[in-house]
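*Asks:* To get the numbering used here, take the position in the sequence shown, counting from 1, and add 241. Yeah, the Cβ is synthetic: ideal placement off N, Cα and C, and Gly gets one too. Since we're looking at a predicted model, the values are computed, not measured.
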Amino acid sequence: MRIYAIGDVHGHVDKLQAAHELIARDQAECGGGGETVVHCGDYVDRGPDSRGVLDHLLACRSAGLPHVMLLGNHDEMLLRFLTMEPGDRAAFETAAWWLTPPLGGRRTLASYGVKVSNWLPLRWIRKQADKAVPAAHLDFLESLGTSHSEAGCYFCHAGIRPGVPFAEQEKQDLIWIREPFLTDPRDHGALIVHGHTPVEQVTDYGNRLNLDTGAGYGRPVSAVAIEDGTPWLLTDEGRLPVHQVTY
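1) If you compare alpha carbons, which of Ala456, Gly455, His435, Val486 is closest to Leu517?
2) So, Leu474 versus Val443, is the Cβ gap smaller than 8 Å?
3) Could you tell me how far apart the beta carbons of Ile244 and Cys394 are, in whole angstroms, since I believe they sit closer than 8 Å?
4) Provide the residue(s) that pair with Asp445 in DSSP beta bridges, ordered along the chain.
5) In its own chain, which residues sit with a C-beta less than 6 Å from the C-beta of Asp290, not counting the 5 before and 5 after it?
6) Do the region 318-326 and the region 381-401 meet, that is, are 3 or more Cβ pairs less than 8 Å apart?
7) Looking only at its own chain, which residues have a Cβ that is under 7 Å from the Cβ of Lys412, when we skip the five neighbours before and after it?
8) May I ask you to report which of helix, strand or coil DSSP gives Ser388?
9) In chain order, which continuous runs of the beta strand (DSSP E) of length 3 or greater are located wholly inside the region 248-333?
10) Specify, as a first and last residue, the run of the alpha helix (DSSP H) that Trp417 falls within.
11) Give the secondary structure of Arg243 by DSSP, where H, G and I count as helix, E and B as strand, and everything else as coil.
12) Taking 6 Å as the limit between beta carbons, can you name the residues of its chain near His429, skipping five residues before and five after?
13) Tell me whether the beta-carbon of Val250 lies closer than 8 Å to the beta-carbon of Thr277.
14) Can you tell me the Cβ-Cβ gap for Ile433 and Asp414, rounded? I've got them flagged as a contact below 8 Å.
15) Candidates Leu295, Gly248, Leu481: which alpha carbon is nearest Ala376's?
16) Can you tell me which of Phe422, Val374, Leu379, Ala373 puts its alpha carbon nearest to the alpha carbon of Cys397?
17) Out of Tyr284, Thr438, Ala331, Thr471, which one is the CA nearest neighbour of Thr349?
18) Over what stretch of residues does the beta strand (DSSP E) that includes Ile467 continue unbroken?
19) Return the first residue and the last residue of the beta strand (DSSP E) that Leu361 is part of.
20) Over what stretch of residues does the beta strand (DSSP E) that includes Leu474 continue unbroken?
21) Is Gly248 near Cys271, with beta carbons less than 8 Å apart?
22) Can you pull the DSSP bridge partners for Val434?
23) To the nearest angstrom, how far is the alpha carbon of Leu299 from that of His261?
24) Leaving out the 5 sequence neighbours to the left and right, which residues in its chain are closer than 8 Å to Phe407 when beta-carbon positions are compared?
25) Identify, in the order they occur along the chain, each residue of the same chain with its Cβ nearer than 6 Å to the Cβ of Glu468, setting aside the five sequence neighbours on each side.
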């Protein structure tokens, strides 16, 4: 049984396309072609072409490819910005935070041709974004799920609340959590495949597999094949064993 997964993208459509090419090559070499490809979220922010990433993912969906796209916390921040009501003070505070340089919202809006600066009112920026962001992109963001279970794995963006059944996991944990998930050594009942917290290389901790290799900071977008419960890193040289760490 085989399934593929891709970590955080953060506005790097070229790296996402390269990850898809690695998956296609692996399918050609190992047989198959209809396997699920799970994207673990954070398609936007920090990188140069968030719009291009969403265009590419929409093209994959339109082509009927067996892709699952999950919601990341950065994707949710863009969605909240695009849907916030004028009187929602908390949403406007979150939007102002998202537009600070470390979060990357400015680069996302720039990919749509929307100018952002400290002297432009937030409501004006939102109005320009309403004109610039295609309705199909908003629909796509609203369609994203927060988890996917298949092949003995539970996929999400950030992780799970340890000890809570999968069916009872909360959205904010699935897209935002770090602790106590990252240091919890227990068997969660499935291999948790996630991103959100950057690591130097794809890392298998035994009970979880972290795919976020720091694309938001200029590092790669990583893709893996998980076959019969064993993860393999996909590279130009073929499959490589995944780095393993024990608690």
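*Replies:* According to the structure data:
1) Because the chain is modelled from 242 through 488, residue 517 falls outside the range shown and cannot be assessed.
2) Here residue 474 refers to the residue found at position 233 of the sequence shown. Here residue 443 refers to the residue found at position 202 of the sequence shown. Their beta carbons are under 8 Å apart, which means Leu474 touches Val443 by this criterion.
3) Your numbering for residue 244 matches position 3 in the sequence shown. Your numbering for residue 394 matches position 153 in the sequence shown. About 7 Å separates the two Cβ atoms, so the contact holds.
4) The sequence position of residue 445 within the sequence shown is 204, counting from 1. According to the DSSP secondary-structure assignment, Asp445 is paired through a beta bridge with Leu450, Gln485.
5) Numbered from its first residue, the sequence shown carries residue 290 at position 49. Cβ-Cβ distances below 6 Å link Asp290 to Gly252, Val254, Ser352 in the same chain, with the five nearest sequence neighbours on each side left out; the list follows chain order.
6) Contact between the region 318-326 and the region 381-401 is present: three or more C-beta pairs spanning the two stretches fall below 8 Å.
7) As a working mapping, residue 412 is identified with position 171 in the sequence shown. If the five residues before and after Lys412 are omitted, its C-beta is found closer than 7 Å to the C-beta atoms of Thr387, all from its own chain and listed in chain order.
8) Along the sequence shown, read from residue 1 onward, the residue named residue 388 stands at position 147. Note: Ser388 maps to coil in three-state DSSP.
9) DSSP runs (the beta strand (DSSP E)) wholly in the region 248-333: 278-280, 308-310.
10) The residue given as residue 417 occupies position 176 in the sequence shown. Counting along the chain, the alpha helix (DSSP H) containing Trp417 begins and ends at 412-417.
11) The count along the sequence shown starts at 1 and reaches residue 243 at position 2. DSSP, read as helix, strand or coil, puts Arg243 in strand.
12) By 1-based counting over the sequence shown, the position of residue 429 is 188. These residues qualify, in order along the chain: Asn448.
13) Residue 250 sits at position 9 when you count from the first residue of the sequence shown. Residue 277 sits at position 36 when you count from the first residue of the sequence shown. Taking 8 Å as the Cβ cut-off, Val250 and Thr277 do not qualify as a contacting pair.
14) Taking the sequence shown and counting its residues from 1, the one referred to as residue 433 is at position 192. Taking the sequence shown and counting its residues from 1, the one referred to as residue 414 is at position 173. No, Ile433 and Asp414 are not in contact; Cβ-Cβ is about 12 Å, not under 8 Å.
15) Locating residue 376 in the sequence shown gives position 135, where the first residue counts as 1. Per the Cα distances, Leu295.
16) On the sequence shown, position 156 is the one that residue 397 refers to. The residue with the shortest Cα to Cα distance from Cys397 is Phe422.
17) Against the sequence shown, residue 349 aligns to sequence position 108. The option with the nearest alpha carbon to Thr349 is Tyr284.
18) Taking the sequence shown and counting its residues from 1, one reaches residue 467 at position 226. Ile467 -> beta strand (DSSP E) spans 464-468.
19) Position 120 of the sequence shown, counting from 1, holds the residue named residue 361. No beta strand (DSSP E) holds Leu361; DSSP gives it neither H nor E.
20) If you number the sequence shown from 1, residue 474 lands on position 233. Its beta strand (DSSP E) spans residues 471-476.
21) Within the sequence shown, residue 248 is the residue found at index 7, counting from 1. Within the sequence shown, residue 271 is the residue found at index 30, counting from 1. Against a cut-off of 8 Å, the Cβ pair of Cys271 and Gly248 comes out as no contact.
22) For the purposes of this step, residue 434 is taken as the residue at position 193 of the sequence shown. Phe396, Leu450.
23) What you label residue 299 is simply residue 58 of the sequence shown in a count that begins at 1. What you label residue 261 is simply residue 20 of the sequence shown in a count that begins at 1. Just so you know, the alpha carbons of Leu299 and His261 end up roughly 14 Å apart.
24) Along the sequence shown, read from residue 1 onward, the residue named residue 407 stands at position 166. Taken in chain order, the residues that qualify are Ser388, Ser390, Tyr395, Ile401, Gly430, Ala431.
25) The residue you call residue 468 lines up with position 227 of the sequence shown. Excluding five sequence positions before and after Glu468, the CB atoms of its chain that fall closer than 6 Å to its own CB belong to Arg243, given in chain order.
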